[in-house]
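Novice: Be aware that the sequence shown starts at 4, since it is given in the numbering used here, and climbs by one per residue. Note that the Cβ used here is the ideal one computed from N, Cα and C, for glycine as well.
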Amino acid sequence: MVRVAVITAVVVLIALPLTAQNLLVNPGFDEADQLDDWTCTTTYGVTSWSTEDHLESTASGSMQIDLSETSINRLVTCSQCVPVTELNSYAASAWLNWPDDADVTQDGSSRLSFGFFSDAGCTTAVEWCPIAFAHYPGNQLGAWILLPTLESVAPVGAVAARIVITTWQDLANEPVRAHIDDVDFRTTTIFRDGFESGTTNAWEP
Ligand SMILES: [Ca+2]
């Protein structure tokens, strides 16, 4: 009986897909009152930590973005710079919620994007990738939505990528609030041999 159980366990382990690790730090905003490792720039906007969690966990929260009604050109951009390997493919996704809150009118947009850079500090861009948009009206209030997953291959010379979430107000004098949670950026390349080395050593006959 024990032997059967061991064999079953081995089969299950073999059947599990290989998954790469999320390269972002603090992607789920698990610690209260902190947005550590995210770099945010704001134009008449405010970022804060919220108890609202994508999975309704009491042990985690999200990033809250507030755009006030009293100014123009309101915008918040938050990003992280992480190392990548050239010619590997990468995918990015994020969850967003426009809360159904009487304090905000909600007429805003948010976009997810990422770009590849030739330096570890993400200052010299090599290539920017397609963008995923969310917009209210258009999305359901108070519901978490998954922004469309973006995928792209790191070009030759890329050593880092910057993952960027930008949220802005579409109409003046209408305050906007958004929650961002469970941002994900990881390689989708499990095995790659582009035969750059001049050998086929990675392949078995
Ligand atoms: Ca969370």
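1. S112 and H138 look like a contact to me (Cβ under 8 Å); what is the Cβ gap, rounded to whole Å?
2. With C-beta atoms as the reference, is A95 less than 8 Å away from L153?
3. For S123, which of S60, E89, T170, P140 has the nearest alpha-carbon?
4. Using three-state DSSP, classify V15 as helix, strand or coil.
5. Ligand 1 and S116: does the residue's C-beta get closer than 7 Å to at least one heavy atom of that ligand?
6. Does the beta carbon of S63 fall short of 7 Å from some heavy atom of ligand 1?
7. Considering only their Cβ atoms, is the gap separating L99 from M66 smaller than 8 Å?
8. Taking 7 Å as the cut-off, is the C-beta of G48 nearer than that to any heavy atom in ligand 1?
9. Are at least three pairs of beta-carbons, each pair with one atom in the region 193-202 and one in the region 48-63, less than 8 Å apart?
10. Is there at least one non-hydrogen atom of ligand 1 closer than 7 Å to the beta-carbon of F188?
11. Using DSSP bridges, identify the partner residues of Q67.
12. Three-state secondary structure (DSSP) at D196?
13. Quick one: give me the first and last residue of the beta strand (DSSP E) that E154 is part of.
14. Determine which residues share a DSSP beta bridge with W1 and list them.
15. My output table needs one value for F3: the three-state DSSP class, helix, strand or coil.
16. First and last residue of the beta strand (DSSP E) that includes T169?
Specialist: Quick look at the numbers:
1. Between the beta-carbon of S112 and that of H138 there is about 5 Å, and that keeps the pair under the 8 Å contact cut.
2. Yes, the pair counts as a contact, with Cβ atoms nearer than the cut-off.
3. The amino acid occupying residue 123 in the given sequence is Ala; Ser does not appear at that position. Looking from the CA of A123, the closest CA among S60, E89, T170, P140 belongs to E89.
4. Confidence is the limiting factor: at V15 the pLDDT is only 44, short of 50, which leaves the residue's position unreliable and the question unanswerable from this model.
5. Every heavy atom of ligand 1 is 7 Å or more from the Cβ of S116, so no.
6. Indeed, a heavy atom of ligand 1 lies less than 7 Å from the Cβ.
7. No; because the gap between Cβ atoms is not below 8 Å, this pair is not in contact.
8. Not so, every heavy atom of ligand 1 lies at least 7 Å from the Cβ.
9. With the rule of 3 Cβ pairs closer than 8 Å, the region 193-202 does not count as touching the region 48-63.
10. No; taking the cut-off as 7 Å, the Cβ of F188 has no heavy atom of ligand 1 nearer than that.
11. Per DSSP, S51, H182.
12. In this structure, D196 counts as coil in the three-state DSSP scheme.
13. Residues 153-156.
14. With the chain covering only 4 through 208, there is no way to say anything about residue 1.
15. As shown, the chain starts at 4 and ends at 208. That puts residue 3 outside it, with no answer to give.
16. 163-172 is the span of the beta strand (DSSP E), which, as asked, contains T169.
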